[in-house]
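The next block holds one structure in the form of structure tokens; read it before the comments.
What follows is the structure, encoded as structure tokens:
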């Protein structure tokens, strides 16, 4: 009898372990239900003389599909061909994680072929067919907080952000930074705080036009999926990787998942789009084609909190003060599109003040949805006091107060006491 994923998911863990024992699978007692199901399907395919594989679906020219690896790079030796009949039957979309038995190429074929769709994003194929389209989901303001404060002693940056620019599920945030102000380090700290605090988030870090050593450093220090296209790659590769990451995030949100994409940087993505777009005949200041911004805006604009569903949070860095007129134009086009702005000041970084956050210019829209009434009152009192100071003095005062307390709750309590005196 051929076991299907839907049948396995209806069984208890004990029943699955019994099946695994009969198949002589080792280590079954240590696996959770989801991993047990996948191991059983793999073993079943091997017993029938087939390999069992999975990958991220990339639909090319609307009909031909290929399962790529987690780096999203085309690779004829490992990519798996998915027939258009399977794509249509199961309503498959770019970004789906598809698994099933495969066969090696025959005669003049170049690719391995998927014989049968066994699962889609970890769900039975029939269940996945009825999912909604991302564009049909209703976006609402972020109203569930993502805390960056951790129990680690080095969580100062996370505590700072929780007070100045709180992040909610579905936030669309810009980290506005001059070069060498600490934006990449801040992205790493945000990523590590999220993975430390939440098991239910699917974290992806997207690095565009980045240095190879930076990619290695982030991949080793972040417990999440890292997708990158380094500066020695073609601009079209930058765009392809970025759009694959976006589609992967959308597919997960369609299943009710909470996804976070950290992008470094949207400026470089827009530059790549400008080099790959079909010229419109019009040019903005700095040589920027107006139509080049559509694809980067489509990515950034996808961030949203879904009513009665999942969320797609995107925190992207954007460069300013680079000396490039094109970069200035890109910032002007994006500066009103986010609902969270975090401004890093080069002047503070040069003086060794980290995190180098310009407090008066940084904020989150509708932050009252992320704080309770008591917290909101304390935050407003604190911001009024800090706004009366120069950015350098405000940052130093807040950092000093955070270092003298063990938690934000303790800090806000002491701050309110001070204000009321």
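Numbering (the working numbering), first residue to last: 7 to 427. The C-beta atom is built at its ideal place from N, Cα and C for all residues, glycine as well. Only a predicted model underlies this, so the values are computations on that prediction, with no experimental measurement involved.
Inset, instruction - May I have the straight-line CA-CA distance separating residue 328 from residue 352, to the nearest angstrom? - result: 11 angstroms
Inset, instruction - Please state if the CB of residue 365 and the CB of residue 400 are separated by a distance shorter than 7 angstroms. - result: yes
Inset, instruction - Would you kindly work out how many angstroms separate the C-alpha atoms of residue 230 and residue 194, rounded to a whole number? - result: 11 angstroms
Legend entry - Closest residue to residue 430 among 120, 184, 152 and 232 (Cα-Cα distance): The structure shown does not extend to residue 430, since the chain is modelled only from 7 through 427, so no value can be given for it.
Inset, instruction - Could you name the residues of the same chain whose beta carbon sits closer than 8 angstroms to that of residue 190, not counting the 5 residues immediately before and after it, in chain order? - result: Once the five neighbours on either side are set aside, the close Cβ partners of residue 190 are 220, 224, 270 and 323.
Legend entry - Cβ pair residue 246, residue 282 closer than 7 angstroms: no
Legend entry - Reduced DSSP secondary structure (H/G/I, E/B, other) of residue 313: coil
Inset, instruction - Put residue 175 into one of helix, strand or coil per three-state DSSP. - result: coil
Inset, instruction - With a cut-off of 8 angstroms on the beta carbons, I'd call residue 321 and residue 273 a contact; round off their distance for me. - result: Rounded, the Cβ-Cβ distance is 14 angstroms, inconsistent with contact.
Inset, instruction - Spell out the partners DSSP gives residue 370 in its beta bridges. - result: 346
Inset, instruction - Mind the definition here: the stretch 403-420 touches the stretch 160-172 only if three or more C-beta pairs lie below 8 angstroms; say whether that holds. - result: yes
Legend entry - Any 3 or more C-beta pairs closer than 8 angstroms across the stretch 206-215 and the stretch 370-382: No, the stretch 206-215 is not in contact with the stretch 370-382.
Legend entry - Residue from 402, 214 and 346 whose Cα sits closest to the Cα of residue 251: 214
Inset, instruction - Would you mind stating whether residue 382 and residue 179 have Cβ atoms separated by less than 7 angstroms? - result: Contact annotation: residue 382 and residue 179 have beta-carbon atoms that are not nearer than 7 angstroms.
Inset, instruction - With a threshold of 16 other CB atoms inside 10 Å of the CB of residue 256, please say whether the residue is buried or exposed. - result: buried
Inset, instruction - Within 10 angstroms of the Cβ of residue 67, are there 16 or more other Cβ atoms? Answer buried if so, exposed if not. - result: Under this definition residue 67 is an exposed residue.
Inset, instruction - Could you spell out where the beta strand (DSSP E) holding residue 61 opens and where it closes? - result: 57-66
Inset, instruction - With DSSP collapsed to three states, give me the class of residue 232. - result: strand
Inset, instruction - Reducing DSSP to helix, strand and coil, say where residue 322 ends up. - result: strand
Inset, instruction - State the DSSP-derived secondary structure class of residue 145, mapped to helix, strand or coil. - result: strand
Inset, instruction - Inspect the beta-carbon positions of residue 265 and residue 318 and report whether they are closer than 7 angstroms. - result: yes
Legend entry - Close-in-space but distant-in-sequence residues of the same chain around residue 150 (CB under 7 angstroms, 5 per side omitted): 174 and 175
Inset, instruction - Identify which residue in 325, 309, 393 and 116 has its Cα closest to the Cα of residue 141. - result: Residue 309 is the option with its Cα nearest to residue 141.
Inset, instruction - Less than 8 angstroms between the CB atoms is what I'm expecting for residue 196 and residue 154, so what's the real figure, rounded? - result: 6 angstroms
Inset, instruction - Between the Cα of residue 314 and those of 146, 33, 65 and 101, spot the shortest distance and give me the residue it belongs to. - result: 146
Legend entry - Whether residue 86 touches residue 118 by CB criterion (7 angstroms): yes
Legend entry - Span of the beta strand (DSSP E), counted from its first residue to its last, around residue 264: Annotation: the continuous beta strand (DSSP E) that includes residue 264 extends over 264-270.
Inset, instruction - Let me know if residue 106 comes out buried or exposed under the rule of 16 or more other beta-carbons within 10 Å of its beta-carbon. - result: buried
Legend entry - 7 angstroms Cβ cutoff, residue 32 in contact with chain D: Here chain D cannot be found, since the structure has a single protein chain.
Legend entry - Cβ-based neighbour list, residue 19, same chain, cut-off 6 angstroms, excluding 5 preceding and 5 following: In its chain, beyond the 5 residues on either side, 39 have a beta carbon closer than 6 angstroms to the beta carbon of residue 19.
Inset, instruction - Taking the CB atoms as reference points, tell me whether residue 90 and residue 74 lie closer together than 7 angstroms. - result: no
Inset, instruction - Per DSSP, which residues does residue 418 bridge with? Please list them. - result: Answer is none; residue 418 lacks a bridge partner.
Legend entry - First through last residue of the alpha helix (DSSP H) which encompasses residue 359: Element bounds for residue 359: n/a, residue is neither H nor E.
Inset, instruction - Please name the residue or residues paired with residue 210 in a DSSP beta bridge. - result: Paired residues: 231 and 267.
Inset, instruction - Less than 8 angstroms between the CB atoms is what I'm expecting for residue 402 and residue 359, so what's the real figure, rounded? - result: At roughly 6 angstroms, the Cβ-Cβ gap stays under 8 angstroms, so residue 402 and residue 359 are in contact.
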